[in-house]
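Protein chains in written order, with this note's numbering: chain L, 1131 to 1399; chain R, 488 to 656. All residues carry an ideal CB built from backbone N, CA and C; glycine is no exception.
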């Protein structure tokens, strides 16, 4: 049966509309609508965020706050988020990016969700609204691991915009445009002179959810950012990865190429 | 479930109609308004053959429930030719450059090209490839389509031709 479509005009109304059985949030529709159009789904109501006031980008003092219903295209065009442009342009096609949203990207299955991988490396914070006016701020890692609760909706994502010199991103794809990930690597490096003082490295295509490569972070920290240490970090990344098979690549292949792409990302190769 | 009453601007004409809940923009165009240029290929946003322009942006109309875009400004391929049926630059370039074979992707390709040229009147070949990267063609091998869009850009720059996507976002 075709689901009903609700178009609430506030976050409170969104949460209220999610109370019904079989209700789901409809953000850009790039994941929910294929399910509606082509599967035997049991969705009863689609709760659209289009008019809920969740769209917009603010960058203030190096801190970015992005409304959950902001499209990927809007992020990609924002002057002060230029450092994230390669992330955005690696995702799907311009026509999909005109619909797909920042909040929605947190909930797509791997090997999609490259922005979620980037947000994990950025240690983003996620604002979530729930019933009875409740709201909370959670680490993006928690939201990626646990999802949102019933009748909860992500309202915004916030992070410190990294310096270009500290930011690393690479996505291995089947072709240059519009491909899901084979492996995705995003990292923020705290460089102190030539030494890596701190590192946050996140991986896509390396498990059911985006994961932090903590072993790789440890291998990299406390020494120079050179070929040998980047290579060691790449090998260590396998400790946090559970590569999987799909139509894009086999688990074997993902495991083989992950260390290489981690090394290349870290060295900017 | 009750039908929903929809009012949208389609190709500059105010249109109003009733739809079953969950009807996509693509479904409404084809079934309610008889505008069949936008095609249903995959229903998943993968093939691009349903591409239309909504409020200045090219989108996959199969992914947009029409109830979520009340009041929107929608343009389809039917609204691209000039009054009297004269083809616009993109249509003419496709026709003369043999950029269409079976034709199933053509509507989506032309609408993706319209959005590109509205934003960037002088695109590089790489820009064109990016702009149509969500549109699948299984006949041409893309080269003739890419060439036609570059040709259309040149024609439009030469003539200062009408921009069919106004205002952008």
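Counting of Cβ neighbours within 10 angstroms places residue 1276 of chain L among the exposed residues, the total staying below 16. In the structure shown, residue 566 of chain R falls within a helical segment according to DSSP collapsed to helix, strand and coil. In the structure shown, residue 1282 of chain L falls within a coil segment according to DSSP collapsed to helix, strand and coil. Exposure of residue 488 of chain R is indicated by the presence of fewer than 16 other C-beta atoms within 10 angstroms of its C-beta.
A direct Cα-to-Cα measurement between residue 1299 of chain L and residue 501 of chain R gives close to 46 Å. Beta-bridge partners assigned by DSSP to residue 504 of chain R: R:493. Annotation for residue 1308 of chain L: 1222, 1223 place their beta carbon closer than 7 Å to its own, counting only its chain and skipping 5 residues before and after. By the rule that beta-carbons nearer than 7 Å mark a contact, residue 1138 of chain L does not touch chain R.
Between residue 619 of chain R and residue 596 of chain R a beta carbon distance of about 6 Å is seen, short of the 8 Å cut, so the two are scored as contacting.
With at least 16 other beta carbons inside 10 angstroms of its own, residue 1339 of chain L counts as buried.
Taking a Cβ-Cβ threshold of 8 Å, the residues of chain L close to residue 620 of chain R are 1223, 1224, 1307, 1308, in chain order. For residue 1178 of chain L, the nearest beta carbon of chain R is closer than 7 Å to its own beta carbon.
Exposed is the label assigned to residue 1269 of chain L, since fewer than 16 other Cβ atoms lie within 10 Å of its Cβ.
For chain L, the residues of the stretch 506-517 of chain R that bring a beta carbon within less than 8 Å of one of its beta carbons are 507, 508, 509, 510, 511, in chain order. Ranked by Cα distance from residue 1351 of chain L, the first of L:1247, L:1331, L:1335 is L:1331. Interface annotation, residue 1198 of chain L: not in contact with chain R, CB-CB separation never under 7 Å. Check the Cα spacing between residue 1206 of chain L and each of L:1239, L:1192, L:1229, L:1184: the tightest is with L:1229. Take residue 1141 of chain L, set aside five residues on each side of it, and the residues of its chain with a beta-carbon closer than 8 Å to its own are 1182, 1183, 1184, 1259, 1283, 1285, in chain order. Beta-carbon to beta-carbon, residue 1345 of chain L and residue 1366 of chain L are separated by about 4 Å, close enough to satisfy the 8 Å threshold. Collapsing the DSSP output to three states places residue 1134 of chain L in a strand.
Judged by DSSP in its simplified three-state form, residue 619 of chain R adopts coil rather than helix or strand.
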